[in-house]
């Protein structure tokens with residue numbers, strides 16, 4: 002059996018993380034091609050023609066984003082978003098750990114395409130040992146002149162710095178990432194201006210996810226048409242999907258976009274333990290509205306999941322089987338966003354806080370069915386009302402859980418109520434009338 | 018309601034338009050809080066030479082020196098075990114920023130300790146996928162093995178009484194494939210059960226690497242080495 006994967010090809014070969022191992026497999030040939038055979042504009046248009054969509058969550062065309070950067074001699078920057086912190090996502094970790102040079106090569110080519118002289122890999126601080134691996138690979142790339150003041154003596158300067166964060170999910174939001182990289186608290190910025198116009202240090206900045214950039218050498222090497230031979234028209238290429246939760250074989254699987262979701266959850270990951278069924282699944286990380294068993298035959302693409310009211314996001318599938326309580330799942334989800342809210346925008350700061358508190362009451366049986374309506378209305382009041390989508394990322398899954406599993410929430414409220422409880426304490430309500438009422 | 022004019026700041030009860038430049042400066046100086054610290058001078062702090070070198074190396078790597086704030090705080094935490102006020106002051110002096118600036122950054126990020134914590138750091142992921150696979154029990158096992166308080170561990174983290182360990186329930190560490198898992202002294206291990214927690218703490222007490230066979234770096238990718246393609250009739 003030949004390994005026909007793209008990003009994960011030979012992923013467990015022990016020498017792949019070294020520059021020799023990577024070059025032995027044709028690595029860094031694409032940099033040569035990008036530098037000596039193609040103009041930056043040709044590079045960008047080839048990336049745009051490939052239809053490669055961002056793999057970090059938003060799914061925006063990578064080449065188009067690059068074309069938004071102004072031409073000219075000003076300082077421009079590339080930031081690779083390696084802050085992967087969303088529950089369910091762990092693909093970038095394995096890509097960086099086992100094939101760091103693929104990412105570095107992607108960074109070099111993307112920098113050449115947009116004319117960036119400084120590239121940063123913003124990696125979450127928790128991935129300390131992975132950052133060590135990246136640092137070693139970067140040193141090798143400098144040594145071999147794929148990075149530095151004159152890359153391959155072709156006249157272009159590309160410096161690459163691995164920047165370790167220190168624990169904050171919000172730094173995966175692109176403008177918060179820029180603030181963190183500038184040495185500040187990681188608060189999101191108002192958009193526009195978008196980073197492509199005014200990003201790091203006020204300069205034009207291209208921000209892409211690890212997996213997106215890891216695709217770049219393959220597109221430059223083999224051409225846009227070859228790349229479009231994988232996947233669907235609107236979702237070309239392959240995708241590394243992280244599958245976790247109640248499945249027998251959790252892990253990262255590289256698939257062609259467009260295969261049925263059932264094939265990923267059951268065929269690859271083995272499905273829930275024997276005797277159990279899928280109750281709910283997040284198709285694209287904890288920010289995605291949940292789907293149910295009835296949705297398992299959806300093709301795994303950006304467009305099909307969006308049409309079903311959810312999203313492909315970062316490509317992280319979390320499976321909850323019939324042993325999992327949905328109200329508790331909602332509570333854990335809300336707690337995460339409450340913890341990670343930076344506190345800058347009121348709807349998110351207060352909305353995540355109160356949603357977590359209300360869900361806690363539901364789980365403890367101290368809520369009333371009316372609270373479910375309040376929870377739903379709080380979600381509606383968060384969506385679209387903040388600088389970034391962190392609050393929305395809680396509102397969408399929690400809102401979908403209340404909508405799709407409302408009976409389970411109501412049952413949780415009922416069953417946790419103490420027997421004989423719920424009697425009115427008349428001493429609390431049989432109070433003297435207020436003076437106003439007496440006068441009337 | 019009556020206002021006691023004598024209690025109001027001078028410039029609020031009378032116009033300051035006719036002040037001389039000198040008077041205006043004196044007024045401003047009188048309004049400045051007495052405890053606001055400016056940028057400390059290098060000679061005012063006793064920064065260890067190796068820390069200073071680490072900070073300066075970090076600063077020199079970036080186009081703008083404030084970008085080094087997070088790496089600098091990592092260096093301070095390595096030196097002192099936490100981002101102590103004294104360490105922050107030393108770093109501020111080397112960077113040429115106020116201690117308040119660095120403190121504001123330090124308090125934003127989960128991995129910076131702004132109070133002293135135990136030496137070995139055990140972060141137990143207790144988010145969705147790990148929770149579904151038993152993270153709460155794992156956190157409890159680590160607390161039992163170290164003596165750290167379980168309730169505090171779930172929230173802001175808890176240190177053991179002997180100061181050896183710090184245990185914290187963490188919001189998603191990005192390793193759901195090895196759920197339930199923990200980051201021990203910045204390395205990932207999983208999947209873990211209660212016995213692993215006891216063995217890991219025992220190994221750390223003896224100065225050994227905990228759970229070497231459970232390290233994430235040893236784990237092979239899931240599935241078979243082939244691309245899963247679409248069925249030809251779907252094309």
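Chains as they are written, first to last, in the numbering used here: chain A, 2 to 441; chain B, 18 to 252. Ideal Cβ placement from N, Cα and C applies to all residues, glycine included. Since the structure is predicted, the reported quantities are computational estimates derived from the model, not experimental observations.
Alpha-carbon to alpha-carbon, residue j and residue i
i                     : j                     : result
residue 360 (chain A) : residue 331 (chain A) : 7 Å
residue 147 (chain B) : residue 186 (chain B) : 11 Å
residue 111 (chain B) : residue 74 (chain B)  : 11 Å
residue 35 (chain B)  : residue 77 (chain B)  : 48 Å
residue 183 (chain A) : residue 42 (chain B)  : 33 Å
residue 166 (chain A) : residue 328 (chain A) : 32 Å
residue 118 (chain B) : residue 355 (chain A) : 30 Å
residue 296 (chain A) : residue 53 (chain A)  : 26 Å
residue 151 (chain A) : residue 176 (chain A) : 30 Å
residue 44 (chain A)  : residue 144 (chain A) : 25 Å
residue 185 (chain A) : residue 91 (chain B)  : 14 Å
residue 152 (chain B) : residue 82 (chain A)  : 28 Å
residue 59 (chain B)  : residue 52 (chain B)  : 19 Å
residue 230 (chain B) : residue 195 (chain B) : 13 Å
residue 73 (chain A)  : residue 80 (chain B)  : 19 Å
Nearest candidate by alpha-carbon position, reference residue i, set the options
i                     : options                    : result
residue 132 (chain B) : B:140, B:223, B:175        : B:175
residue 377 (chain A) : A:253, A:357, A:366        : A:357
residue 72 (chain B)  : B:240, B:109, B:123, B:221 : B:109
residue 157 (chain B) : B:192, B:191, B:209, B:128 : B:209
residue 120 (chain B) : B:139, B:86, B:165, B:145  : B:86
residue 173 (chain A) : A:318, A:8, A:317, A:85    : A:85
residue 110 (chain A) : A:270, A:222, A:97, A:345  : A:222
residue 8 (chain A)   : A:253, A:196, A:130, A:90  : A:253
residue 32 (chain A)  : A:49, A:234, A:113         : A:113
residue 289 (chain A) : A:270, A:216, A:313, A:27  : A:313
residue 404 (chain A) : A:125, A:375, A:416, A:318 : A:375
residue 250 (chain A) : B:248, B:244, B:238        : B:238
residue 279 (chain A) : A:292, A:287, A:286        : A:292
residue 107 (chain A) : A:64, A:71, A:323, A:334   : A:64
residue 153 (chain A) : A:34, A:306, A:400, A:317  : A:34
residue 308 (chain A) : A:235, A:273, A:364        : A:235
residue 240 (chain A) : A:294, A:303, A:194        : A:303
residue 172 (chain B) : B:89, B:218, B:142         : B:142
Contact set between residue i and chain A, taken where Cβ atoms lie within less than 8 Å
i                     : result
residue 146 (chain B) : 88, 89, 245, 246, 251, 319
residue 126 (chain B) : 126, 166, 167, 168, 169, 187
Any C-beta of chain D under 9 Å from that of residue i
i                     : result
residue 312 (chain A) : This model lacks chain D altogether; the protein chains it does include are A and B.
9 Å Cβ cut-off: residues of chain B touching residue i
i                     : result
residue 165 (chain A) : 87, 88, 91
residue 130 (chain A) : 203, 204, 205, 232, 233, 234
residue 119 (chain A) : 79, 80
residue 235 (chain A) : What residue 235 (chain A) touches in chain B: nothing, since even the nearest Cβ is about 14 Å away.
Beta-carbon proximity list for residue i, same chain, < 6 Å, skipping 5 on both sides
i                     : result
residue 6 (chain A)   : 255
residue 47 (chain A)  : 225
residue 19 (chain A)  : none
residue 451 (chain A) : With chain A covering only 2 through 441, there is no way to say anything about residue 451 (chain A).
Interface residues of chain A facing residue i [CB-CB closer than 7 Å]
i                     : result
residue 149 (chain B) : 246, 247, 321, 325
residue 129 (chain B) : 167
residue 83 (chain B)  : 183, 184
residue 190 (chain B) : 127
Residues near residue i by beta carbon distance below 8 Å, same chain, minus five either side
i                     : result
residue 12 (chain A)  : 6, 95, 99, 100
residue 171 (chain A) : 177, 187, 188, 189, 341, 342, 343, 389, 391
residue 260 (chain A) : 300, 301
residue 434 (chain A) : With a pLDDT of 48 at residue 434 (chain A), under the threshold of 50, the modelled position of this residue cannot be trusted, and the question is left open.
residue 149 (chain B) : 196
residue 398 (chain A) : 283, 287, 288, 289, 290, 291, 331, 334
Residue i: contacting residues in chain B (beta-carbon distance under 7 Å)
i                     : result
residue 275 (chain A) : None at all; the shortest Cβ gap to chain B is about 16 Å.
residue 185 (chain A) : 122
residue 95 (chain A)  : 238
Own chain partners of residue i with C-beta closer than 7 Å, once the 5 adjacent residues on each side are dropped
i                     : result
residue 144 (chain B) : 188, 189
residue 196 (chain A) : 175, 176, 179, 206, 208
residue 339 (chain A) : 353, 354, 357
residue 30 (chain A)  : 222
Under 8 Å from the C-beta of residue i: neighbouring residues of chain B
i                     : result
residue 254 (chain A) : 239, 240, 245
residue 6 (chain A)   : 242, 243, 244
residue 144 (chain A) : Per Cβ cutoff of 8 Å: no residues; residue 144 (chain A) is ~17 Å from chain B at best.
Residue i beta carbon near the ligand GDP (any heavy atom closer than 8 Å)
i                     : result
residue 134 (chain B) : In the structure on display, the ligand GDP does not appear, and there are no ligands present to speak of.
(request) Jot down the residue ranges of each uninterrupted beta strand (DSSP E) in the stretch 251-280 of chain A, minimum 3 residues, whole runs only, in chain order. (result) 252-257
(message) At 4 residues or longer, what runs of the alpha helix (DSSP H) sit wholly inside the stretch 48-121 of chain A?
(response) 63-68, 92-99, 101-115
(message) List, from N- to C-terminal side, the alpha helix (DSSP H) runs of 4 residues or more that fit wholly inside the stretch 300-388 of chain A.
(response) 303-308, 327-341, 347-365, 370-383
(message) Ignoring anything shorter than 4 residues, give me the alpha helix (DSSP H) runs that lie fully in the stretch 184-242 of chain A, in order along the chain.
(response) 211-223, 225-229
(message) So within the stretch 188-226 of chain B, which uninterrupted alpha helix (DSSP H) runs reach at least 4 residues, ignoring any that extend past its ends?
(response) 211-222
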